Ligand SMILES: Cc1cc2nc3c(=O)[nH]c(=O)nc-3n(C[C@H](O)[C@H](O)[C@H](O)COP(=O)(O)OP(=O)(O)OC[C@H]3O[C@@H](n4cnc5c(N)ncnc54)[C@H](O)[C@@H]3O)c2cc1C
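In our numbering, the protein residues as written are 268 to 732.
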């Protein structure tokens, strides 16, 4: 292990943002120190994206085995063995973690394990040793947040950190927060046999997503037996003999074994020497310009620590942007509207670009098409419901072709995999007519993208109003 020293770049935090920056900087021949107090890979690999998606995959298998008779296959569903599910989940994490450590070492990056603190605009102290850099990148990420007065005990009132390692399926769970994390856990636990109710302040689940997508998700969740209380604030929680009793702002009381608090994540920036060394913060988030530069010329910041969408791939993108800027490349700001977003519940919700209400708020005239999955062969084979909604600029002249595609919003099983095409359409400023010219393979779910654009371009194939 290195014992202090000077580097081109010192990175504090080895999660998605920090390690992506390290990997890319090393490609420029930079000497990089990556400081991590726990495990490289951070939240995404150990407490976020990967372990949740492993649980969701196990949940899908549980549903498939329960419903197999629908497809003429006889199986018997005998239950969920949580320790075995967790061992599969951990196996996935361990394998990826090992691979990541190898990649980092292979790029000759020095990983220093310990609790780091910024001690000057060019230095971080870890385990009593000082690591100086021509540049410092802050990437300390985020942790689960709670509400004022709502105490987390890690046992009955828990966050996603504990939910991911729960060695049993709760018989009944209340989930506070209908954002991505809340919706994904509701989906998993329901598939595993729990009774689940989501409590959400906003009038829809996934408040940041297109309203039309949320409506489909809510319809399917209702059918799956997942309850939700919308436009409803949380009031209090009390401990009972068998778990908790949650009181809502509308007066309802819900009994459950567990309350999962999924009301968002806050930045890790307290007591790390940031403000003392001139780094400006707003509500704990590090302030940055569009190129991730902080108020201190020698310091950049990336990932959940800055107030951009809290997604691993946003962290990757920002880490790469900073490394390329420090490597002398001419970098461009990230268009955050153009970053794809996926909620991996059943059904999945995936989107890129803006929603109808954002278009209205920005004063943009649009045309829209909703293509239902019921008209898509592959989706009918999979027995999934959902839709593809595409939003484009309204034609400049009456009867003309629509302009740029501004938003693509998908709901249905497996639609997350389709959002990669949607992101090319959005980010390459395609118009419906451009996409209509592309032949999509049949029978695939990708045809919903082709069909929706054909309809918007005025040449519908299977689409009818
Ligand atoms: C349940 C859940 C599911 C998620 N699912 C998805 C998903 O499907 N897709 C997606 O894109 N995103 C998902 N996310 C979000 C994603 O995990 C985060 O956006 C991403 O991890 C942020 O990366 P980061 O590098 O900014 O921070 P982090 O990953 O939090 O990394 C920060 C690192 O800094 C280290 N650190 C902090 N302080 C110090 C210190 N003082 N000294 C040394 N090291 C320090 C931490 O140990 C940590 O390893 C999910 C998150 C959760 C919680």
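Note that the Cβ used here is the ideal one computed from N, Cα and C, for glycine as well.
All values derive from a computational prediction rather than experimental measurement.
Q: Return the first residue and the last residue of the alpha helix (DSSP H) that residue 349 is part of.
A: Counting along the chain, the alpha helix (DSSP H) containing residue 349 begins and ends at 349–373.
**Q.** 8 Å Cβ cutoff met for residue 589 and residue 311
**A.** Cβ atoms of residue 589 and residue 311: not closer than 8 Å.
Q. Looking at the unbroken beta strand (DSSP E) that takes in residue 341, where does it start and where does it end?
A. Per DSSP, residue 341 belongs to no beta strand (DSSP E) and is neither H nor E.
Q) Can you give the Cα-Cα distance for residue 703 and residue 723, rounded to whole angstroms? A) Taking the straight line joining both Cα atoms gives about 9 Å.
Q) In terms of DSSP beta bridges, what is residue 302 paired with? A) Beta-bridge partners assigned by DSSP to residue 302: 279 and 379.
**Q.** Three-state class that DSSP yields for residue 625 in the structure shown
**A.** The DSSP-derived three-state label of residue 625 is helix.
**Q.** Residue-level contact to chain D via CB, residue 677, 8 Å cutoff
**A.** The displayed structure is made up of one protein chain only, and chain D is not part of it.
**Q.** residue 683 to residue 540 span [Cα, whole Å]
**A.** A straight-line Cα-Cα distance of about 39 Å links residue 683 and residue 540.
Q: In the DSSP assignment, find the beta strand (DSSP E) that holds residue 495 and state where it starts and stops.
A: Per DSSP, residue 495 is one residue of the beta strand (DSSP E) stretching across 494–496.
(Q) My assumption, with CB atoms under 8 Å, is that residue 473 sits in contact with residue 494. Please give the rounded CB distance. (A) With a Cβ gap of about 16 Å, residue 473 and residue 494 do not count as contacting.
Q | 4-residue-minimum alpha helix (DSSP H) runs that sit fully inside the segment 546–609, ordered along the chain | A | Runs of the alpha helix (DSSP H) spanning 4 or more residues and lying entirely within the segment 546–609 occur at 579–593, in chain order.
**Q.** Beta-carbon contacts of residue 440 that lie in its chain and below 7 Å, excluding the five residues immediately before and after
**A.** For residue 440, where only same-chain residues beyond five positions count, the Cβ hits under 7 Å are 456, 461, 463, 523, 524, 525 and 527.
Q. Where residue 661 and residue 698 are concerned, what is the direct C-alpha to C-alpha distance, given to the nearest angstrom?
A. The alpha-carbon atoms of residue 661 and residue 698 are separated by roughly 11 Å.
Q: Answer with buried or exposed for residue 632, where buried requires no fewer than 16 other C-beta atoms within 10 angstroms of its C-beta.
A: Residue 632 is exposed by the Cβ-count criterion.
Q.
Based on DSSP bridge pairs, tell me the residues matched to residue 654.
A. Under DSSP, the beta-bridge partners assigned to residue 654 are 639 and 678.
Q) What number of angstroms, rounded off, separates the C-alpha of residue 390 from the C-alpha of residue 403? A) Each residue's alpha carbon lies about 7 Å from the other.
Q) How is residue 425 classed by DSSP in three states: helix, strand or coil? A) Here residue 425 sits in strand by DSSP.
Q: Report back the beta-carbon spacing between residue 496 and residue 515 to the nearest angstrom; my notes put them in contact at under 8 Å.
A: The Cβ separation is near 6 Å, so the contact holds.
Q. Which two residues bound the contiguous beta strand (DSSP E) that contains residue 420?
A. No beta strand (DSSP E) holds residue 420; DSSP gives it neither H nor E.
Q: Could you please give the first and the last residue of the uninterrupted beta strand (DSSP E) stretch that includes residue 620?
A: For residue 620, the enclosing beta strand (DSSP E) starts and ends at 615–620.
Q) Between the segment 531–538 and the segment 564–575, do at least 3 Cβ pairs fall closer than 8 Å? A) Under the three-pair Cβ rule at 8 Å, the segment 531–538 counts as touching the segment 564–575.
Q: Starting from the C-beta of residue 509, find all residues in its chain whose C-beta is less than 7 Å away, skip the five residues before and the five after it, and write them out in chain order.
A: Take residue 509, set aside five residues on each side of it, and the residues of its chain with a beta-carbon closer than 7 Å to its own are 524, in chain order.
Q: Give the secondary structure of residue 467 by DSSP, where H, G and I count as helix, E and B as strand, and everything else as coil.
A: Annotated three-state conformation of residue 467 is coil, per DSSP.
Q.
Taking the alpha carbon of residue 348 as the reference point, which residue from 317, 356 and 563 has its own alpha carbon closest?
A. Across the set 317, 356 and 563, the C-alpha of 356 shows the shortest separation from the C-alpha of residue 348.
Q | Contacts around residue 668, its chain only, beta-carbon distance under 8 Å, and the 5 residues preceding and following it disregarded | A | The residues are 662, 698, 699, 700, 724 and 725.
(Q) I need the boundaries of the alpha helix (DSSP H) containing residue 265, first residue and last residue. (A) Lying before the first or after the last residue shown, residue 265 is absent from the chain, which here runs from 268 to 732.
Q.
Pairs of beta-carbons, one from the segment 316–333 and one from the segment 288–300, closer than 8 Å: are there three or more?
A. The answer is no - the segment 288–300 does not touch the segment 316–333, with fewer than three Cβ pairs under 8 Å.
Q) Does the beta carbon of residue 577 fall short of 7 Å from some heavy atom of ligand 1? A) Yes, the beta carbon of residue 577 sits closer than 7 Å to at least one heavy atom of ligand 1.
Q.
Less than 7 Å separating the Cβ of residue 645 from some heavy atom of ligand 1?
A. Answer for residue 645: no, Cβ out of range of ligand 1.
(Q) With distance defined between alpha-carbon atoms, name the residue in 659, 711, 666 and 709 nearest to residue 692. (A) Nearest C-alpha to residue 692: 659.
Q.
Alpha carbons only, please: which of 680, 655 and 719 is nearest the one belonging to residue 648?
A. Of the candidates 680, 655 and 719, 680 places its Cα closest to the Cα of residue 648.
**Q.** C-alpha gap between residue 278 and residue 405, whole angstroms
**A.** Roughly 6 Å separates the two Cα atoms.
Q. In whole angstroms, what is the alpha-carbon distance linking residue 269 and residue 379?
A. Confidence in residue 269 is poor, its pLDDT being 47 and thus under 50, which makes the residue's placement too unreliable to answer from.
(Q) Helix, strand or coil, according to DSSP, for residue 503 in the structure here? (A) In the structure shown, residue 503 adopts extended strand secondary structure according to DSSP, grouped into three states.
Q | Residue burial classification, residue 418 (beta-carbon count within 10 angstroms, cutoff 16) | A | Counting the other CB atoms within 10 Å of its CB gives residue 418 a total below 16, which places it among the exposed residues.
Q) Does ligand 1 have a heavy atom nearer than 7 Å to the CB of residue 407? A) Yes, ligand 1 has a heavy atom inside 7 Å of this Cβ.
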